[in-house]
Amino acid sequence: MAFKTEPMTINIGPQHPSTHGVFRLRVTFDGEVIVDVEPIFGYLHRGSEKLAEERNYVQILTLTDRLDYTASMTNNQAYCLAVEKLLGVSVPERGKYLRVMTAELQRVASHLIAVGFFLQDLGALATPLMYAFRVRESILDLFEMLCGARITVSYMRPGGVFAEPPEDFWPALRRFMEEAPGLIEELENLIMENEIVVVRTKGTGILGIESAIANSVSGPVLRGSGFAWDWRKADPYDIYDQVDFDVPVGNNGDNYDRFQVRIEEIKQSLKIVSQCIRQIPDGLIRAELPLVLRPPAWQESYGRVESPKGELGFYLVSDGSVAPYRCKIRSPSLINLHVLKELLVGWKLADMIVTLGSIDINLGEVDR
Amino acid sequence: MESFLENNGMYRGIYCYFAGNEGNGLWCKGLDGILPLGWEWLGYFIAGFTIMLILVNGALLGAAIFVWGERRILARIHKRRGPNRWGPFGLLQPIADLLKLLIKEDLVPTVADRLVFTLVPVVMLMSLLLSLAVIPFAYNTYLADLNVAILYFVAVGSLSTIAIFMAGWSSGNKYAMFGAMRSVAMLISYEVPLVMSLVGVVLIAGSMSMVDVVEAQHVPFILVQPLGALIFLLGISAELNRTPFDIMEAESEIIAGYHTEYSGIKFALIQAAEMAGVLAASAVIATLFLGGWSGPVFSSQLGAVWFLLKLTFVAFVFVWIRGTFPRLRIDQIMAFAWKFLLPLAFINLMSTAIEVYFFGFYNAPANELGVITGDELWVMAAINSGIAVVAITLFGRATRDKMRPNPVKLHKLEPAGTVLGVN
């Protein structure tokens, strides 16, 4: 009797330790090798876009916190930019600096989660994760000082930021800026050159540059493929044209490059923050705006930022009332997922988990 | 039978307490037993069962302490605190865990093969406890001094593979099946270098009995057999599915692998078997490579202390590795076994065989054939260390160079209006 083999279909998720939320992959395996992948999502759909139509312009801010809950600051920022364009107001210089500073701290925190869980997916039993979370915790402490919340911050407002930082914020931030580079270097030394990390991630999950552009991928995934594109440089919002930083890009577009790009971006973000501390002017933190915002009817605007995951955009249409007529969210995690099948087919189960980790999706944002 | 047990101090002590001189005057120097005349045969049973009771409970208690220790050490590595609430330093945490698991519902999936599913924890724990039988814990203290102890350890050790495959097959779960297939593929591969690495020890000691191996170690065999010790450590890590070889229960990939469907007391038993498996492996490494119960001073009186110290150290190394390394992929693990460990094991075996022939037979006086003295062991240690360094460097470089990372490029971009191209 001849042996016969047949492919096996497995549901990875929605409850799975490393799908980073309630993400589901229906995967067909031939032994260990992936034959077919079908991502299925929507388990965390909360209808943020529709809810936005029922709320006024300031209330929507709290919805944006809950999109990518690991990077609330940048979500706030993108939304506020869109509203400001709609209203035609300009933000005071100090407000802009505070926004950029917090957004960059948030980028560090988000990238640390990405790197930590990426290594956790590789099987490093929580050690790098804990090292990453150590730094993230102090960032969250800083956020708590600023606005009282750690995750869902709602710190930024249309026209500026919520409040002037308390007095003890600045010494705490300086202390953090002194400690953080050392701690990140420690994490880097711990794991970057580790032989197992290198053989697991180098050359796996390769995303070609053409394919990345064709699929409209953005953020560290795009830059990992070697394409230097960053909205902070290409279309500088707030005060990104007044700070000096570099855009790291990878060489091969594999998992290792995406991982390394994130580590480099953490360093660049810290560089931006220290420049902000030096350059921040005195003055107002928020433009004078009425309590209830009423943009003129049938205007549209698109505010976008380079969020830690990629290009995050808010498209708003006003109808003259206190709530937008339409609020469309361009979430980078969802669009970055488009390349998943291309990255996974032909690779092994273990590579699948790692590649998914290196794309760094956030289900709050994918499902909105 | 009697001569087989005569040297066993543990056995003899208990036997003499019960049976006394009447059983065998040669053993129990003038002691009166508490059993009446004609009941000496009961002494054998009592002694045997007592030792087994001590060993089984000791192993399980050791596993509980190891669980606590592992969690504490991992917590320190993670810069956390670890369990510290229940009992002094959280020492009672494993007991609390066990109680929790005991009162949990013991689920068996409807699609599972009930008999096989239930047998798995038993087979697993059995294979582990069997392997403890041959380990000398102190001077003259062991359950059995088999003349094929090393072979026996390898043989009963691989029984756990069968248990794992039974678990995967009977669970009726695809993740469990994945884990089982991985484990079979991997364990069969790792069995080969594992056994090969032990042959060197057997050659030098001239015996497969663990007791003889300990007595032959004038120099700890980790110095004489550095390659062998390394290969054995890696191979036994794979057997025990510890990182970086824990693909059969890779949490981030296949949930819990073969024991995905286990709950309650069955899960507790599987965990206990795994943890005690680490202890058994540490005990074997301590015995074969670190000199067992022999220490710098008071070897015969404080043998158990030396042995426990060494065992703890090896167990710590296992935890340390677990806290430090990520996991390899299945094909890389297989390649590592066949392309790296196996050639190294052969090199080790060849060099050891030549040295043993040279020192033990070619150069030896007629009355010392096969005996290798301490001085000769030092010479062998020097030679083998050199061979180990050269072999690992050569093999390591051959497999590594292609995979070194390229550094990330940093781009100086100009704001707004820059023409962006493909870099």
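So the protein lines, in turn, are chains A and B. Mind the numbering: the first sequence is residues 1170 to 1537 in my numbering, read in order. Mind the numbering: the second sequence is residues 21 to 443 in my numbering, read in order. From the three backbone atoms N, C-alpha and C, an ideal C-beta is built for every residue, glycine too.
Cβ of residue i within 9 Å of any chain B Cβ
i, result
"asparagine 1384(A)", "no"
"isoleucine 1435(A)", "no"
"leucine 1294(A)", "yes"
"arginine 1305(A)", "no"
"histidine 1185(A)", "yes"
"isoleucine 1209(A)", "no"
"glycine 1200(A)", "yes"
"alanine 1278(A)", "no"
"isoleucine 1375(A)", "no"
"isoleucine 1360(A)", "yes"
"serine 1527(A)", "no"
CB contact flag (residue i, residue j, <9 Å)
i, j, result
"leucine 1256(A)", "leucine 1458(A)", "yes"
"valine 87(B)", "proline 114(B)", "yes"
"glycine 1395(A)", "glutamate 1262(A)", "no"
"methionine 228(B)", "valine 304(B)", "no"
"glutamine 1468(A)", "valine 1412(A)", "no"
"alanine 1519(A)", "isoleucine 341(B)", "no"
"alanine 335(B)", "leucine 299(B)", "yes"
"leucine 1525(A)", "glutamate 1273(A)", "no"
"valine 1284(A)", "alanine 1295(A)", "no"
"proline 1465(A)", "arginine 1431(A)", "no"
"arginine 1303(A)", "aspartate 1310(A)", "no"
"serine 3(B)", "leucine 1291(A)", "Because chain B spans 21 through 443 in this model, residue 3(B) falls outside it and cannot be assessed."
"glycine 255(B)", "tyrosine 210(B)", "yes"
"threonine 1370(A)", "phenylalanine 1428(A)", "yes"
Contact list for residue i against chain A, beta-carbon separation under 7 Å
i, result
"threonine 413(B)", "Near threonine 413(B) there are no residues of chain A at all, since even the closest Cβ is about 14 Å away, more than 7 Å."
"lysine 99(B)", "Met1299 and Arg1303"
"lysine 194(B)", "Met1177 and Ile1179"
Chain-ordered neighbours of residue i on chain B, where CB pairs are closer than 9 Å
i, result
"arginine 1369(A)", "Pro346, Arg347, Leu348, Arg349 and Gln352"
Proximity test, Cβ basis, 9 Å: residue i and chain A
i, result
"methionine 21(B)", "In this predicted model, methionine 21(B) has a pLDDT of only 44, less than 50, meaning its place in the structure is not dependable; the value taken from the coordinates is given anyway. No - not a single Cβ of chain A is within 9 Å of the one on methionine 21(B)."
"phenylalanine 198(B)", "yes"
"arginine 202(B)", "yes"
"arginine 417(B)", "no"
"arginine 342(B)", "yes"
Expected contact under 8 Å - CB spacing of residue i and residue j to nearest Å
i, j, result
"alanine 1221(A)", "glycine 1472(A)", "Not confirmed; about 13 Å, so no contact."
"serine 1502(A)", "isoleucine 1530(A)", "4 Å"
"isoleucine 1179(A)", "valine 1514(A)", "15 Å between Cβ atoms; not a contact."
"methionine 216(B)", "alanine 365(B)", "4 Å"
"asparagine 193(B)", "glutamate 281(B)", "5 Å"
"leucine 1391(A)", "tryptophan 1398(A)", "6 Å"
"glycine 58(B)", "alanine 39(B)", "In fact, because the Cβ distance is near 11 Å, the residues do not count as touching under 8 Å."
"glycine 297(B)", "leucine 139(B)", "So it is not a contact: roughly 18 Å between Cβ atoms."
"alanine 292(B)", "leucine 331(B)", "Wrong, their Cβ atoms sit about 17 Å apart, outside the cutoff."
"valine 1491(A)", "tyrosine 1226(A)", "7 Å"
Residue burial classification, residue i (beta-carbon count within 10 angstroms, cutoff 16)
i, result
"aspartate 1337(A)", "exposed"
"histidine 1280(A)", "buried"
"phenylalanine 1172(A)", "exposed"
"asparagine 77(B)", "exposed"
"phenylalanine 379(B)", "buried"
"methionine 370(B)", "exposed"
"histidine 1214(A)", "exposed"
"glutamate 1306(A)", "exposed"
"aspartate 1410(A)", "exposed"
"glutamine 321(B)", "exposed"
"glutamine 1184(A)", "exposed"
"asparagine 1358(A)", "exposed"
Contact list for residue i against chain B, beta-carbon separation under 7 Å
i, result
"isoleucine 1365(A)", "Pro264, Phe345, Pro346 and Leu348"
Within chain A, the residues that residue i reaches when beta carbons sit closer than 9 Å
i, result
"leucine 94(B)", "Leu1294, Ala1295 and Thr1296"
"arginine 91(B)", "Ordered by position in chain A, no residue passes the 9 Å Cβ test against arginine 91(B), which lies about 11 Å from the chain."
Chain-ordered neighbours of residue i on chain B, where CB pairs are closer than 8 Å
i, result
"isoleucine 1454(A)", "Those within 8 Å of isoleucine 1454(A) in chain B number zero; the least Cβ separation is about 24 Å."
"alanine 1519(A)", "Ile267, Ala270, Glu273, Arg347, Arg349 and Ile350"
Where residue i meets chain A, residues with beta-carbon distance less than 8 Å
i, result
"serine 272(B)", "Pro1186, Ser1187, Gln1289, Asp1290, Leu1291, Gly1292 and Ile1522"
Any non-hydrogen atom of the ligand GTP closer than 8 Å to residue i Cβ
i, result
"proline 1335(A)", "This structure does not include the ligand GTP; it has no bound ligands of any sort."
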